[in-house]
Amino acid sequence: MATSFLTNQQIASLVEAIQSAEEHSTGEIRVHIDSNTDEDNAKIAFKVFEELCLNKTKERNAVLFHVNFEQKYLTIIGDTGIHAKVSQSYWDHLHDYITSEFAKGNYYQALKSGILETGLELKKYFPVKGENHNELPNEITFS
Numbered sequence: 001m002a003t004s005f006l007t008n009q010q011i012a013s014l015v016e017a018i019q020s021a022e023e024h025s026t027g028e029i030r031v032h033i034d035s036n037t038d039e040d041n042a043k044i045a046f047k048v049f050e051e052l053c054l055n056k057t058k059e060r061n062a063v064l065f066h067v068n069f070e071q072k073y074l075t076i077i078g079d080t081g082i083h084a085k086v087s088q089s090y091w092d093h094l095h096d097y098i099t100s101e102f103a104k105g106n107y108y109q110a111l112k113s114g115i116l117e118t119g120l121e122l123k124k125y126f127p128v129k130g131e132n133h134n135e136l137p138n139e140i141t142f143s
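For the sequence shown, the UniProt record's numbering begins at 1 and goes up steadily by one.
Structure (structure tokens):
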């Protein structure tokens, strides 16, 4: 589903970036693009986090990028397992980088970089030991 901010090809490439980022980790990454919320994006992001079952992974190491391009809003939520391993400053730095790139119109590259950077953190703290079952779909969701 193309948006005015991302093409279908870019969306497909972001799904590939999610797959790549999760390849060497037990962590899960999801991207949700919200075009409906007019206010309280953070509250909606937490609701989406639960609806997509990101709080149900075995190691509680899922990460959600909740994006509302129209409202120029990004929420990154790391579940308790990954949040316990990285400091709040990590999330703040990642958020600041992505939103500064959004301000320049670099929506695709900013999200892709954020996804891949998150994958490196997940790999550091939650490396694959044995089989790596994909607990959640890698698709990008929309509302």
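We put the CB at the ideal spot given by N, CA and C, even for glycine.
Beyond the five residues adjoining it in sequence on each side, residue 74 comes within less than 8 Å, by CB distance, of 65, 66, 67, 68, 95, 98, 99 and 102 in the same chain, given in chain order.
Between the alpha carbons of residue 89 and residue 63 lies a gap of roughly 16 Å. Of the candidates 33, 142, 42 and 80, 80 places its Cα closest to the Cα of residue 122.
It is roughly 11 Å from the alpha-carbon of residue 131 to the alpha-carbon of residue 23.
Following the DSSP letters along the chain, one finds residue 67 inside the beta strand (DSSP E) bounded by residues 62–68. About 6 Å separates the beta carbons of residue 18 and residue 115, which is inside the 8 Å limit, making them a contact pair. If you look at residue 28, you'll find it in the beta strand (DSSP E) that goes 28–33.
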